[in-house]
Amino acid sequence: MSDLDEDLLALAEGDDGDEDVMVSSKKRSKNDIAGSKKRMLMDDDDEDDSNDDEDNDVEDSEGEDDYNPGTQYDFEGNDDGSGDEQEERNPYPLEGKYKDEEDRNRIQDMPEMERETLLFERSQEMQKYQERKVLRQRAKSIRAQQQQRQLQKDSTKRSSGRSTRTTGHSELRTSKLSELRKQRAKKSGNYDYSESEEDESDQSDNYAESDNDDYDPHHGHKDGFSDHDNEVKWAEEDLDRDAELEDFNKVKIGRSFVAKFCFYPDFAERVQACYGRVNIGLDKHTGLPMYRMVKIERVFLQKPYSMGKFFTNQYFGVTQGKDRKVFQMNYFSDGPITQPEFERYLNQMAKYDMNKPSLYTLNNKAKELFNFVSQPMTMKLTDQIVRNRMVFNKKLTGTNAVLEKSVLKDKLQYAKDTNNESAVAKYAAQLKNLEKRMSSYEKHHENDQTGIRKLGALTSKNRKVNMDKIRLAENVRKEDSSNVDAKSDPFSRLKTRTKIYYQEIQQEENEKAMELAKQKHQEQDKETQENKERQLLLAKFRRLGGLEEIVSSIPFKIELGF
1 MSDLDEDLLA LAEGDDGDED VMVSSKKRSK NDIAGSKKRM LMDDDDEDDS NDDEDNDVED
61 SEGEDDYNPG TQYDFEGNDD GSGDEQEERN PYPLEGKYKD EEDRNRIQDM PEMERETLLF
121 ERSQEMQKYQ ERKVLRQRAK SIRAQQQQRQ LQKDSTKRSS GRSTRTTGHS ELRTSKLSEL
181 RKQRAKKSGN YDYSESEEDE SDQSDNYAES DNDDYDPHHG HKDGFSDHDN EVKWAEEDLD
241 RDAELEDFNK VKIGRSFVAK FCFYPDFAER VQACYGRVNI GLDKHTGLPM YRMVKIERVF
301 LQKPYSMGKF FTNQYFGVTQ GKDRKVFQMN YFSDGPITQP EFERYLNQMA KYDMNKPSLY
361 TLNNKAKELF NFVSQPMTMK LTDQIVRNRM VFNKKLTGTN AVLEKSVLKD KLQYAKDTNN
421 ESAVAKYAAQ LKNLEKRMSS YEKHHENDQT GIRKLGALTS KNRKVNMDKI RLAENVRKED
481 SSNVDAKSDP FSRLKTRTKI YYQEIQQEEN EKAMELAKQK HQEQDKETQE NKERQLLLAK
541 FRRLGGLEEI VSSIPFKIEL GF
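Under UniProt numbering, the residue at position 543 of the sequence shown is numbered 543, and the numbers go up by one with no gaps.
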């Protein structure tokens with residue numbers, strides 16, 4: 001007896017545990033036999049043949065309805081339900097902290113301690129909302145993949161059923177053999193439920209080869225779901241390409257990221273092999289800031305410096321090619337890496353014969369960063385963050401006080417749960433002392449606010465006076481410019497006159513000298529005139545006789561009496 005006959009005999013004498021599978025196979029075999037009988041009558045009557053084909057399609061559809069894996073899990077129902085369900089509304093759509101503008105104004109007017117406490121609680125609520133959103137998106141994508149696979153299974157089953165009916169008894173025998181081997185593999189525990197086994201009914205010539213390829217002992221269902229063959233192939237092709245600028249921007253960190261996560265305990269390890277955009281100064285020609293793409297190699301601890309709202313002693317050691325330098329973390333930009341910066345970085349690497357990282361490495365680093373920023377805020381993590389932050393930030397501020405108070409409350413509650421009286425007394429005293437410090441800080445802060453308001457009023461007043469002066473100067477300048485000839489060429493060379501040093505003093509001296517010379521000349525003229533008159537008088541007296549002139553000038557009064 002041949003191996004084929006032995007397999008057929010074993011198929012006919014199947015175990016009781018496989019009755020459900022055998023029932024479905026028997027139904028299909030009956031339908032196939034009926035279809036073959038109807039095809040034998042094709043030459044006798046064409047009309048009967050067409051009617052038989054229609055009946056055969058009906059029977060095939062009924063046979064296919066007997067086994068439908070998708071109906072057992074109600075994939076379509078779940079997808080419809082997921083499509084109709086409403087997305088959870090964002091509780092704080094404005095900046096991730098406030099409900100609306102009115103809510104933001106109300107919170108800004110609150111005392112600092114209450115405001116920081118409320119914002120801290122809202123940040124925790126937003127973190128939980130983001131986690132739920134990510135889980136919903138992941139579940140939705142899984143349902144969509146399951147629906148797509150189910151549709152592909154249904155289409156594969158229909159095509160395999162039609163090919164079995166059209167190819168005759170050889171295809172039927174091959175399908176029975178494949179089912180028998182699947183049953184044996186299931187019993188032995190080595191069966192792999194892969195997608196490719198749905199196509200085995202269409203591959204009778206390459207049965208042995210396809211059966212070996214479907215089995216993969218390292219594969220399985222450890223991840224909870226298996227990907228489609230085409231999807232896996234596309235993923236492999238995508239990883240084969242070179243890393244581009246978008247891939248590097250996925251693992252790029254900036255100043256905002258540093259300010260939020262620099263006090264996390266494993267921050268130094270997570271930022272290694274990330275990329276950044278560091279400011280190196282201003283361009284001499286354009287006056288715009290210049291940036292360079294760099295790779296973060298490690299974190300150094302040096303002299304503390306200010307990061308705006310807090311102090312830290314962390315520095316980034318970065319590289320570009322083989323050039324190494326240490327920068328403060330506040331020099332890193334939040335903007336994405338541009339194409340010229342990326343090309344300059346690649347040129348530096350090519351200059352020293354260095355290879356850029358693969359796409360697989362960048363994707364793994366991006367996943368690592370995502371896991372780092374999405375880790376839950378546990379009591380232990382909060383305690384470590386507060387301790388790291390308070391090393392260089394001893395001053396009691398709103399954020400530090402809220403974090404420290406939250407940690408002390410958790411410690412006090414844990415001590416009460418464990419009935420540790422000494423710890424309860426210790427943490428209760430620390431909490432009471434912190435509340436006193438917070439109350440005194442609020443009073444002092446209110447006094448500071450009063451002084452700040454007065455200073456603000458004075459500043460606004462001075463600003464108004466300065467604006468008035470500037471406006472007056474502008475008006476004067478406009479009036480002066482209106483008097484200038486509009487036809488004059490503004491680009492012509494200005495004509496300048498040399499100005500003698502002490503010109504005004506010299507002019508005064510010249511005027512005085514001219515006045516003295518004029519007075520002297522007048523005196524000389526007067527003396528000359530007097531001399532001329534004296535000489536003229538003497539000349540008259542000599543020529544006319546002085547006695548006669550004197551006598552003639554004497555008035556005589558003679559009275560004659562007759």
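C-beta atoms are modelled at their ideal positions from N, C-alpha and C, and glycine is treated no differently. Given the structure is predicted, the values throughout are model-derived calculations rather than measurements.
* DSSP three-state assignment for tyrosine 98, whether helix, strand or coil -> Tyrosine 98: strand per DSSP, three-state reduction.
* To the nearest angstrom, how far is it from the Cα of tyrosine 352 to the Cα of asparagine 279? -> 23 Å
* aspartate 525: buried (16+ other C-beta within 10 angstroms of its C-beta) or exposed? -> exposed
* Asked: So the alpha helix (DSSP H) leucine 369 belongs to, where does it begin and stop?
  -> 359–373
* Cross-strand partners of residue 620 (DSSP beta bridge) -> Because residue 620 is not part of the residues shown, which for the chain are 1 to 562, the question remains open.
* Asked: Excluding sequence positions up to five away, which residues of its chain have a Cβ less than 6 Å from the Cβ of glutamate 131?
  -> Here the set comprises nothing.
* Whole angstroms is fine: what's the gap from residue 595's alpha carbon to glutamate 435's? => Since the first residue of the chain shown is 1 and the last is 562, residue 595 is not available in this structure.
* Taking the continuous alpha helix (DSSP H) assigned at tyrosine 345, which residues delimit it? -> 339–351
* **Local Cβ density within 10 Å of lysine 365, reported as buried at 16 or more and exposed below that** => buried
* Reference alanine 429; option with closest CA among Gln314, Phe300, Ser358, Lys405 -> Lys405
* To do: Measure from the alpha carbon of phenylalanine 332 to the alpha carbon of each residue in Asn510, Pro289, Leu118, Thr459, then state which is nearest.
  => Pro289
* Secondary structure of arginine 277, DSSP reduced to three states -> strand
* To do: Report all residues from its chain with a CB closer than 7 Å to the CB of glycine 335; omit the five preceding and five following residues, and keep chain order.
  => Around glycine 335, the same chain offers Arg277 as residues with beta carbons nearer than 7 Å, after the five sequence neighbours per side are excluded.
* Asked: Using DSSP with H/G/I as helix, E/B as strand and the rest coil, what is serine 552?
  -> helix
* Taking Cβ positions, are asparagine 388 and phenylalanine 263 nearer each other than 8 Å? -> Going by C-beta atoms, asparagine 388 is nearer than 8 Å to phenylalanine 263.
* To do: Give the DSSP bridge partners of phenylalanine 311, in chain order.
  => Ser306
* To do: Check whether the Cβ atoms of valine 407 and lysine 416 sit closer than 8 Å, and answer yes or no.
  => no
* DSSP three-state call for glutamine 272: helix, strand or coil? -> coil
* To do: Name the one or two DSSP bridge partners that glutamine 328 has.
  => Partner(s): Tyr315.
* Asked: Since alanine 243 contacts leucine 362 with CB under 8 Å, what's their CB separation in whole angstroms?
  -> 6 Å
* **Cβ-based burial, glutamate 474 [other Cβ within 10 Å; buried from 16]** => exposed
* Asked: In terms of alpha-carbon separation, which member of Arg89, Lys99, Met113, Glu511 lies closest to methionine 438?
  -> Met113
* Asked: Which whole-angstrom value describes the C-beta separation of valine 294 and glutamine 320, a residue pair presumed to lie in contact below a C-beta threshold of 8 Å?
  -> About 5 Å; that satisfies the 8 Å criterion.
* To do: Identify which residue in Lys284, Gly317, Tyr305 has its Cα closest to the Cα of isoleucine 296.
  => Gly317
* Pull up the distance between the alpha-carbon of asparagine 420 and that of leucine 412, whole angstroms please. => 10 Å
* Through-space distance from tyrosine 414 to methionine 379, alpha-carbon basis -> 11 Å
* Asked: Going straight from the alpha carbon of isoleucine 452 to that of threonine 459, what length do you get?
  -> 10 Å
* Asked: Is isoleucine 296 helix, strand or coil when you go by DSSP?
  -> Three-state result, isoleucine 296: strand.
* In the DSSP assignment, what are the bridge partners of lysine 409? -> Bridge partners of lysine 409: none, in fact.
* Select from Lys97, Lys518, Glu88, Gln145 the residue whose C-alpha is nearest the C-alpha of arginine 136. => Glu88
* Asked: Using a Cβ-Cβ cut-off of 6 Å (strictly less than) and excluding sequence neighbours within five positions of alanine 268, which residues of its own chain qualify?
  -> Val299
* Determine the direct distance from the alpha carbon of glutamate 95 to that of aspartate 109, and round the result to whole angstroms. => 17 Å
* Asked: Shortest alpha-carbon distance to valine 386 belongs to which of Pro265, Lys461, Asn355?
  -> Ranking Pro265, Lys461, Asn355 by Cα distance to valine 386 puts Pro265 first.
* Asked: Grouping DSSP H, G and I as helix and E and B as strand, with all else coil, what is tyrosine 414?
  -> helix
* To do: Compare the beta carbon distance of glutamine 127 and methionine 307 with 8 Å and say whether it is the shorter of the two.
  => no
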